[in-house]
Amino acid sequence: MSLTIIEELTDVSQEFKPYINVDEKMEELQQLLNTFVSKPAIVTAGIVKSGKSSLLNALVQKPEYFPTGAVRQTTANKVLELDDYFLVDTPGVNANQEDTDEAIKAYKQADLLLFVHNLVDGELQRVEVEFIKRLMQYFPTKDEFWNRFVFVGSNRHQLENEQVSKITEIIQEQIFRELDTKIDVFFTVDSVSYLRGMIEEKEKLRESSGISELLFYINGKNQELKNKKIDIFCERVHSITTKIEESIRNYLISRLPDVESLNAKKQKFTKEIHMLEEIKSYIQSELSTEQQRLNKLTENFLVLPSTYIYFSANPFSQYNYRSEEAAERAAKESFREKCYSHVSSKMYSFQKELINAIKPYQYYEKSANNPYFKVELELQKNLVRLTDNVLQRIGELELKYPFDSQISFNVSSINVNVNTNDILEALNDYDSCDWYLKANVDTYYITRYEKGWFGSEKEVEYYQYDFSKAKSDLEKDLNANIDQAKRIVKDAFSPAIKKFIRELEESLIKHTNKLLRSLSKNSENILSQIKDIDLQLSYIKAEEKKLEKAIKKLKDYVENCLGK
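Numbering (numbering that gives the first Met the number 0) for the sequence shown: 0 to 563.
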């Protein structure tokens, strides 16, 4: 390919750079061009001993052209060129990686895939289902893949007709369940009987083998394959932008002028899409609200006593003392009696209150009084309300895919053990009575004039006390201990509470995502119907207009590579 064309393709791809690997796709382009052939390539696919080689022998009426046998024969792609197309036999994909890599070379060039399954094996094996999924990546789109996919059940002569019908039905159901599609082209054949009828000149064996019907289909499909050969090749070349191109097409389709005869139906679908988008926004808004509420619960879930210790004792003396020493003694006795002597009982009382407060939080159980279960019930109630609102809003819509409204929570067991010794140690971490009294008792004197024995006045000094600082320091230390005990409790419960809230949030997200997926799936279905309406009118023209220049350049280059 010329440098100019490569640059142009690269320029188109640049805005999609986060999603693609340009270098890898250019290398794939070169590989495709080097192996391009003008005739359609009809390629077999399947696991080892599924009957691929025997099928091709029957189609070309050459019993031994493609080797068969009890032991695996095909280890490399073998090509037979016919007048109108190529037949390619491939190795079984479940033999070894070398055979699989060889087969992939043919799949990438396939215009029609004959997927062969041995009916004697019954339903598809898991390896076959995964194999079909992998085959899809070698085609530009899922629709294009299924348009070029032919399911061939082999060895039907080894089964009764009823068994063949039953197995066929099971496989159809299996593919719909696993791959979300219905196979339109499904043949059951008997290559052995066909070849035997050919050799022994028994026409009935050939007629009943199903080979003629398959060959008729292939020959009829061949003209379509020829017409689209360049198109599919170009699309493969541009596989790097397939998904983006599809989005562009959808955008262009949405902007196409409405056709009067289809306008009403399209408007109906458009309204439903808008309604579904509004419901999505509503769900996302409710999800955000619930997440915010749960996040706040992480800090506020554990409710601890708000009790703090204060002493009502009056720290000021009610009497006058004749000496400073007497005032100090009275202050100490009053502080000890009215404050310090009550510390032990107050702290013990708080300890009991704290332990009783945290008991309900130590375990999770489905009980009306359990705080964890209360939160779970509240969330469940909100999700029921959310789900009911969603179902009510979509009730008037004719949706293809139903909603799963079941709500489930995945909450682990909770068992929190708090070390009461740590709590007790924290609460009792205060100093002695003397320590609080030391340097924390103030005494002051007042001067009064009193009459003496002989009626004359004299100046007399009296002392009073103030232990408010000692009282304040004691209260401060005790309340700091209470806060420390609360922190110990919170630290002990924090991991369990965070895990509980996280699991509730995960259940919340899981349920809302389930609703959003159902909405998206129905949105995609409705959009698909809108697309079908517009495709009837101008999809081909719009596609040609958009890609015409690029396809022409690619065709020119392909023709040059092929010597045309």
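Cβ atoms here follow ideal geometry from the backbone N, Cα and C, with glycine treated the same way.
In this structure, how does DSSP classify E395 when only helix, strand and coil are distinguished?
For the purposes of this step, residue 395 is identified with residue 396 of the sequence shown, where counting begins at 1. It is coil, neither helix nor strand.
Under a Cβ-count criterion, where at least 16 other Cβ atoms within 10 Å of its own Cβ denotes burial, should T306 be classed as buried or exposed?
Taking the first residue of the sequence shown as position 1, residue 306 is located at position 307. Result: exposed.
Using C-beta distances below 7 Å, list every residue in its chain close to L112, excluding the 5 sequence neighbours before and after it, in chain order.
Within the sequence shown, numbered from 1, the residue matching residue 112 stands at position 113. Around L112: V42, A44, L134, R147, F148 and V149.
Given C432, which residues of its chain have a CB within under 6 Å of its CB, disregarding the five upstream and five downstream residues?
Within the sequence shown, the letter at position 433 stands for residue 432. Hits under 6 Å: R335 and Y339.
Verify whether the separation of the beta carbon atoms of Y362 and N414 is less than 8 Å.
Counted from its first residue, the sequence shown places residue 362 at position 363. Counted from its first residue, the sequence shown places residue 414 at position 415. Against a cut-off of 8 Å, the Cβ pair of N414 and Y362 comes out as a contact.
With H, G and I counted as helix, E and B as strand and the rest as coil, what does DSSP make of A44?
Taking the sequence shown and counting its residues from 1, one reaches residue 44 at position 45. Of the three classes helix, strand and coil, the one that applies to A44 here is strand, per DSSP.
Alpha-carbon spacing of R37 relative to E161, whole angstroms:
Walking along the sequence shown from the start, residue 37 turns up at place 38. Walking along the sequence shown from the start, residue 161 turns up at place 162. The amino acid occupying residue 37 in the given sequence is Ser; Arg does not appear at that position. Taking the straight line joining both Cα atoms gives about 42 Å.
Nearest CA to the CA of K530: which residue from Y193, S208, S287 and K265?
To locate residue 530, count along the sequence shown from 1; it is residue 531. The shortest C-alpha separation from K530 is found at K265.
T187 bridges to which residues according to DSSP?
As a working note, residue 187 is residue 188 in the sequence shown. Residue pairing by DSSP puts T187 in a beta bridge opposite G152.
Alpha carbon to alpha carbon, how far is Y462 from R321? Give it in angstroms, no decimals.
Against the sequence shown, residue 321 aligns to sequence position 322. Against the sequence shown, residue 462 aligns to sequence position 463. Whole-angstrom Cα-Cα distance: 6 Å.
Please classify G394 as buried or exposed, where buried requires at least 16 other C-beta atoms within 10 Å of its C-beta.
The residue you call residue 394 lines up with position 395 of the sequence shown. It counts as exposed.
Tell me, to the nearest whole angstrom, how far the beta carbon of V126 is from that of L303; I am working on the premise that it is less than 8 Å.
Position 127 of the sequence shown, counting from 1, holds the residue named residue 126. Position 304 of the sequence shown, counting from 1, holds the residue named residue 303. Between L303 and V126 the Cβ distance is about 59 Å, and since that is not below 8 Å, they are no contact.
Is the separation between the beta-carbon of I282 and that of V389 shorter than 8 Å?
Locating residue 282 in the sequence shown gives position 283, counting from the first residue. Locating residue 389 in the sequence shown gives position 390, counting from the first residue. With contacts defined by Cβ atoms closer than 8 Å, I282 and V389 form a contacting pair.
Counted within 10 angstroms of its Cβ, other Cβ atoms place P90 as buried (16 or more) or exposed:
Translated into positions along the sequence shown, residue 90 becomes position 91. With 16 or more Cβ atoms within 10 Å of its Cβ, P90 is classed as buried.
Local conformation of N117 per DSSP, three classes
The residue you call residue 117 lines up with position 118 of the sequence shown. N117 falls in the strand class under three-state DSSP.
Alpha helix (DSSP H) runs contained entirely in the segment 379 to 450, provided each spans 4 or more residues:
Fully enclosed alpha helix (DSSP H) runs of no fewer than 4 residues occupy 419 to 426 and 432 to 436 of the segment 379 to 450, in order along the chain.
Alpha-carbon spacing of I550 relative to N221, whole angstroms:
As a first step, residue 550 must be located in the sequence shown, where it is residue number 551. As a first step, residue 221 must be located in the sequence shown, where it is residue number 222. Legend: pLDDT at I550 = 43, less than 50; position of this residue unreliable, value from coordinates given subsequently. Going from the Cα of I550 to the Cα of N221 covers about 22 Å.
To the nearest whole angstrom, what separates the beta carbons of S316 and A326, a pair I think is in contact under 8 Å?
If you number the sequence shown from 1, residue 316 lands on position 317. If you number the sequence shown from 1, residue 326 lands on position 327. That belief holds up - the Cβ atoms of S316 and A326 are roughly 7 Å apart, short of 8 Å.
The segment 274 to 293 / the segment 433 to 442 touching (three or more Cβ pairs under 8 Å)
Segments in contact, no.
Quick one: using the 10 Å Cβ neighbour count with 16 as the cut-off for buried, is K16 buried or exposed?
Residue numbering aside, residue 16 sits at position 17 when the sequence shown is read from its first letter. Note that K16 scores 43 on pLDDT, short of 50, meaning its location in the model is unreliable; the coordinates nonetheless yield the value given after this. Burial call: exposed.
Are T297 and I496 closer than 8 Å when you measure CB to CB?
Taking the first residue of the sequence shown as position 1, residue 297 is located at position 298. Taking the first residue of the sequence shown as position 1, residue 496 is located at position 497. Yes, these two residues count as a Cβ contact at 8 Å.
At the level of alpha carbons, what is the spacing between K225 and R384?
Working through the sequence shown from its first residue, we reach residue 225 at position 226. Working through the sequence shown from its first residue, we reach residue 384 at position 385. Straight-line Cα distance between these residues: approximately 57 Å.
CB A479 to CB L353, shorter than 8 Å?
The residue labelled residue 479 in the question sits at position 480 within the sequence shown. The residue labelled residue 353 in the question sits at position 354 within the sequence shown. For A479 and L353, no; Cβs fall outside 8 Å.
Length of the line joining the Cα atoms of E504 and L301
What you label residue 504 is simply residue 505 of the sequence shown in a count that begins at 1. What you label residue 301 is simply residue 302 of the sequence shown in a count that begins at 1. If I take the Cα positions, the gap works out to 18 Å.
DSSP three-state call for L518: helix, strand or coil?
Mapped onto the sequence shown, residue 518 falls at position 519. DSSP places L518 in helix when its eight states are reduced to three.
May I ask you to verify whether the segment 159 to 174 touches the segment 113 to 124, counting CB pairs closer than 8 Å and requiring at least 3?
yes
Which residue's Cα is closest to the Cα of T187: I198, Y318, E63 and I210?
Residue 187 sits at position 188 when you count from the first residue of the sequence shown. Selected option, being the one with the closest Cα: I210.
In or out: D189 buried (at least 16 other Cβ within 10 Å) or exposed?
Position 190 of the sequence shown, counted from the start, is the residue given in the question as residue 189. Counting Cβ neighbours within 10 Å, D189 comes out buried, since at least 16 surround it.
Rounded Cβ spacing between V115 and S49 (contact assumed at less than 8 Å):
As a first step, residue 115 must be located in the sequence shown, where it is residue number 116. As a first step, residue 49 must be located in the sequence shown, where it is residue number 50. Sure, about 5 Å apart at Cβ, within 8 Å.
Apart from the five residues on each side of it in sequence, which residues of its chain come closer than 7 Å, Cβ to Cβ, to L518?
The residue labelled residue 518 in the question sits at position 519 within the sequence shown. The answer, listed in chain order, is L275, I278 and K279.
Is the beta carbon of Y464 less than 8 Å from the beta carbon of A329?
Here residue 464 refers to the residue found at position 465 of the sequence shown. Here residue 329 refers to the residue found at position 330 of the sequence shown. Result yes, Cβ atoms of Y464 and A329 sit closer than 8 Å.
Between the CA atoms of K399 and D533 - distance to the nearest angstrom
Numbered from 1 along the sequence shown, position 534 holds the residue referred to as residue 533. Numbered from 1 along the sequence shown, position 400 holds the residue referred to as residue 399. Rounded to the nearest angstrom, the two C-alpha atoms are 20 Å apart.
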